[in-house]
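J.:
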Amino acid sequence: MAEIAVSFLLEKLTTFLQNEVELLQGIPEDLQYIKDELQSLKAVLRVADSVGESNQELKVWVQQVREIAYDTEDTLDEYKLDVVNDHRHGLDAFLHQVCCFTKNLKAQHRIASKINGIKSRISNVSARRPNFDNNGTSEQGPSSIATVNPWIDRRGDALLLDSVDLVGIDNSKEQLVQWLVEGNSGRKVVSVVGMGGSGKTTLAKQVYDNTKVKKHFAVHVWITISHPLKIEELLRNMVRQLFDSIRKPVPQGVDDMDSFLLKMIIKGFLQQRRYLIVLDDVWHMNEWEMLDHALANNGRGSCVLLTTRNSEVASTSCIESEDKIFNLEPLSPDESWTLFCKKCFQKNSCPAELERHSRRILDKCEGLPLAIVAISGVLATKRRTVAEWETVYRSLGAEIEDNSRLINFKEVLLLSFNDLPYHLKSCFLYLSLFPGNHLIENMRLIRLWIAEGFVEAKEGKTQEEVAEDYLNELLNRSMIQIAGMTNDGRVKACRIHDLLREIIISNARDQNFVAVAKEQNATWPEKVRRLAIHNALANAQRSMNASHLRSFFVFDTGDPLSSSPTDTLIPNSCRLLKVLDLRAAPIENFPEEISNLRLLRYLSLRDTKITTIPSSIKKLQDLETLDLKHSQVSELPVEILKLRKLHHLLVYRYEFTSYSRFHSKYGFQALSGIGALQSLQKLCFMDVNHDNALIMELGKLVQLRRLGITNMRKEDGKILCSSIEKLINLHALSIVSSVKEEVIDLQCLSSPPQLLQRLYLYGRLEKLPEWITCLESLAVIYLKWSRLPNDALESLQNLPNLVHLELLQAVEGDTLRFKAGGFKELKLLGIDKFEGLRCIQVEDGAMPCLEKLSIQRCKLLERVPLGIQHLTKLKVLEFFDMPEELIMTLGPDANIPEVYYTYWRNGEWEVYSLEGSAENGRSISTESLQSRFK
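Going by the working numbering, the first residue of the sequence shown is number 77, and it counts up by one from there.
(1) Residues in the same chain with beta-carbon distance under 7 Å from residue 844, minus the five sequence neighbours each way, listed in chain order, please.
(2) Using the three-state DSSP reduction, which class does residue 503 fall into: helix, strand or coil?
(3) Is there contact between the region 240-256 and the region 524-542, where contact requires at least three CB pairs shorter than 8 Å?
(4) Is it the case that the Cβ atoms of residue 810 and residue 832 are separated by a distance below 9 Å?
(5) Are the region 734-741 and the region 712-725 touching by the rule of at least three beta carbon pairs closer than 8 Å?
(6) Report yes if the CB atom of residue 813 is closer than 9 Å to the CB atom of residue 775, and no otherwise.
(7) Rank 940, 977, 521, 140 by C-alpha distance to the C-alpha of residue 965 and give the top, closest one.
(8) Taking contact to mean at least 3 C-beta pairs separated by less than 8 Å, is the region 467-474 in contact with the region 539-549?
(9) Please report the Cβ distance between residue 610 and residue 652, rounded to the nearest whole angstrom; I am assuming they are in contact, meaning their Cβ atoms lie under 8 Å.
(10) Compare the C-alpha of residue 552 against each of 384, 794, 456 and name the closest.
(11) If I'm right that residue 682 touches residue 707 with Cβ under 8 Å, what's the distance once you round it to whole angstroms?
(12) Spatial neighbours of residue 508 within its chain, please: C-beta separation below 6 Å, excluding the five flanking residues on both sides.
(13) Residue 445 to residue 433, Cα distance in whole Å?
(14) Report the CB separation of residue 244 from residue 411 in whole angstroms; it is logged as a contact under 8 Å.
(15) What residue from 529, 263, 736 has the CA that sits closest to residue 980's CA?
(16) Name the residue from 348, 789, 104 whose alpha carbon lies nearest to the alpha carbon of residue 184.
(17) Have a look at 695, 630, 676 and flag the residue whose alpha-carbon is nearest the alpha-carbon of residue 663.
(18) Quick check on DSSP: helix, strand or coil for residue 298?
(19) Would you give the residue range spanned by the alpha helix (DSSP H) that residue 136 belongs to?
(20) Tell me, please, whether the region 753-772 touches the region 785-792 by the rule of three or more beta-carbon pairs shorter than 8 Å.
(21) Quick one: grab the DSSP three-state call for residue 545.
(22) Which partner residues does residue 882 have in the DSSP bridge list?
(23) Does DSSP put residue 728 in a helix, a strand or coil?
(24) Please state if the CB of residue 689 and the CB of residue 712 are separated by a distance shorter than 9 Å.
(25) If you reduce the DSSP assignment to three classes, tell me which class residue 813 lands in.
(26) Anyone know if the C-beta pair for residue 504 and residue 493 falls short of 9 Å?
(27) Leaving out five residues on either side along the sequence, give the residues of the same chain with a beta carbon under 8 Å from the beta carbon of residue 770.
(28) Could you tell me which residues DSSP puts in a beta bridge with residue 808?
(29) Which class does residue 980 belong to by DSSP, given the choice of helix, strand or coil?
(30) I want to know whether the region 894-904 touches the region 919-927 - three or more CB-CB distances under 8 Å.
(31) Can you tell me which of the three DSSP states residue 864 falls into?
(32) Once DSSP output is grouped into helix, strand and coil, what is the label at residue 271?
(33) Decide if residue 555 is buried, meaning its Cβ has at least 16 other Cβ atoms within 10 Å, or exposed.
(34) Where do the N-terminal and C-terminal ends of the alpha helix (DSSP H) with residue 55 fall, by residue?
(35) Please list the terminal residues of the continuous beta strand (DSSP E) segment that includes residue 735.
(36) Flag this pair as yes or no: are the beta carbons of residue 857 and residue 836 separated by less than 9 Å?
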């Protein structure tokens, strides 16, 4: 994977030569030579990376190219730091240039010397480049770079499994069989989608061999897609199988036909027959598209069964008709245990003394059948002692790396990784930084990828939007898993399978891409570029060589580090650092050395106890993200306005106990001149402090996607509306009035941002702004302390995409009525502290998609909502601090799967289910509270 480092360097060199050429004084020729040589080596690296694992000489050669790329990147950044580039004018410019002349001369000489050394190194490496033929085999003979990859593709073994060896497959098989044999006469496409090793091929083969399926279809063909796809070879194979299935000779001249003629033969053959064709392991859309038109839609109920790791392939292949997508889920804990014992103990039960350790190891497999079979096969060869199995648990990563029995498992999981383009490989390897079982917030990940330079610029899109496409691509390819969704359907957090993470940790370390230190005596490569410290490592940073370090993370620091001086947190001499993430680190003061990290793009001090930011932060001219969320910072220095590249400024905290309080959200004091930060995309939360000039400044921030302001007064409304109209890219708007009774006046907003998706209004509303009903993109609305007239909500009921409505003292009156046909897409509804409310009515046809209803602190409400039985999709009904007598009015015809009633007592939540099983003291997490009472 040296191709990753080389590709990024080539992009950087191109930009550097364009922007800095006039300052280099003779160096451009050497840099251009380095660029040209690396460009010519790039194609060789792609092949060499795929075979280098089995050839030490080739592996060393690839490593040398990678180190050259890294060293060149370091030199370019050192140039940026050491050579003064100050475009001043007049006498001031002359004096400044005189003062800096000696410094620049020395720096350029030093940089020139380094570049010359790199040029020499790349000449030597280039002279020793391997030559490969079209099949990726070395042309230099067996004595040189010729290699044989020890892995043999055993994906086809799934076709040979006997049904007695399978676990947890029966229900899935029955569902797929039903989909294939029932339905209309048009051609159906059924897709089975799941990550590598999840059992897609095994399941498809069991369905393919099913007696009912065999009788239903006249022709059955199984095609395994090879990678890379050789379309004519695949089509010839299909022609032979089709004619063999009816015992007729293959047409003459098939071996000489092109793909068009072969497709014509296939389509003509299938036109007259009801067929089932299995396309196993389709990776890319073009593979499906090249075959689609050959598979005749003959009106006979024919089917195509497709297996894929790519959910986009699955959905697109099924788009033309009402076809089916089967998402293959992991095995349940019981099914996993059955399979584990069957493979590890030869169908015998697990010895009692090993059960706890077995289950801990099994948890790592997360229900992935291939992982369970592979790991249990390794354990079957071990001595059955607690010490031996504990060792396996602690060193699973090393076991996967070194145990020959796990080669196939490792390579199957890596197939998807190897198929990624280089920029997605970097993004995926980056996930190895995070601890196991860590939920990775997607916005954090997106900002980090951008700061690292992984995200390319695309016309018409922000880098954040491009990075979101990257994230979705990894999700579609089943490389990562969704770990949390927002209420309006956006991915909130993701995670990676535990064993896949172990594999990429090893891979990233070998590539000197990322190092993870988990133990007190942990070691890492001498030229470590990205370092994540998990757990408390009080002294580890003092001795490390950080001169090449680009990113530094601290996770789960714990108590030992909290007693250390704060200067041990940041390694010495890490002046090339671009990412510094000290989230939740035990620090109270802003570390002074941060201000000297002039290349820093991403700085997170979230969840720390820091109270102030120094004026020296103005040195961080490249800073794009400043995350101070849930710190104690409430004021920023005016020098922050010099950071013109800042995209994300997060300075706020929530303080919660039980329910939402009006003064529970704290931002930072307004900065006069905030309009200078015209690259800002997220600004939360700023106290506008009755400053009309400042509110007008907000209109200059035309790149804003998210804006949060506090301390609004009624008289500020007109000016705020004028500014909001200019924010055409706004997706989320949050406004908090100065006090609960203060009116938020937004009536003058004649042209609201049409992309607005989320609206949070906290404070009194004399009337609901009319423009809200014109926003077809609105998905989430929070109205708190609004005290609107009783009928005000009727104007919201026709919003076409509203999925979440949260109401706290939002309307007055004793009856809340939801009319038939209203709120057609609403999925979540919260009703809190309607003090005069006595009755909720739900007409038949209202809120047909509602899945969750929460009713809180409505003390006068006399019974559960009338017509609740009409909410046929309601899954969860929650009551918070409501009388038990009211809850008991819920009739049996409501048919709601989950009903909870909850009370805040003695500083914690007590949660009960309607069935009577108490879950006393089960606390709701702070994160859950933040989501609920945002």
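Where is the CB? At the ideal position from N, CA and C, for every residue including glycine.
T.: On the basis of the coordinates in this document:
(1) 864, 868, 871
(2) helix
(3) no
(4) no
(5) no
(6) no
(7) 940
(8) no
(9) No, residue 610 and residue 652 are not in contact; Cβ-Cβ is about 23 Å, not under 8 Å.
(10) 384
(11) 7 Å
(12) 580, 581, 584, 590
(13) Cα to Cα, the separation comes out at about 19 Å.
(14) 4 Å
(15) Nearest to residue 980 by C-alpha distance, out of 529, 263, 736, is 736.
(16) 104
(17) 630
(18) strand
(19) 132-158
(20) Counting Cβ pairs under 8 Å, three or more are found: they touch.
(21) helix
(22) DSSP lists 858, 906 as the bridge partner or partners of residue 882.
(23) Looking at residue 728 - three-state DSSP - the assignment turns out to be coil, as it is neither helix nor strand.
(24) yes
(25) Taken through DSSP and simplified to helix, strand or coil, residue 813 comes out as strand.
(26) Going by C-beta atoms, residue 504 is nearer than 9 Å to residue 493.
(27) 746, 747, 748, 750, 764
(28) 782, 834
(29) DSSP, read as helix, strand or coil, puts residue 980 in strand.
(30) yes
(31) strand
(32) coil
(33) buried
(34) Because the chain is modelled from 77 through 1010, residue 55 falls outside the range shown and cannot be assessed.
(35) Premise fails: residue 735 is in no beta strand (DSSP E) and is neither H nor E.
(36) yes
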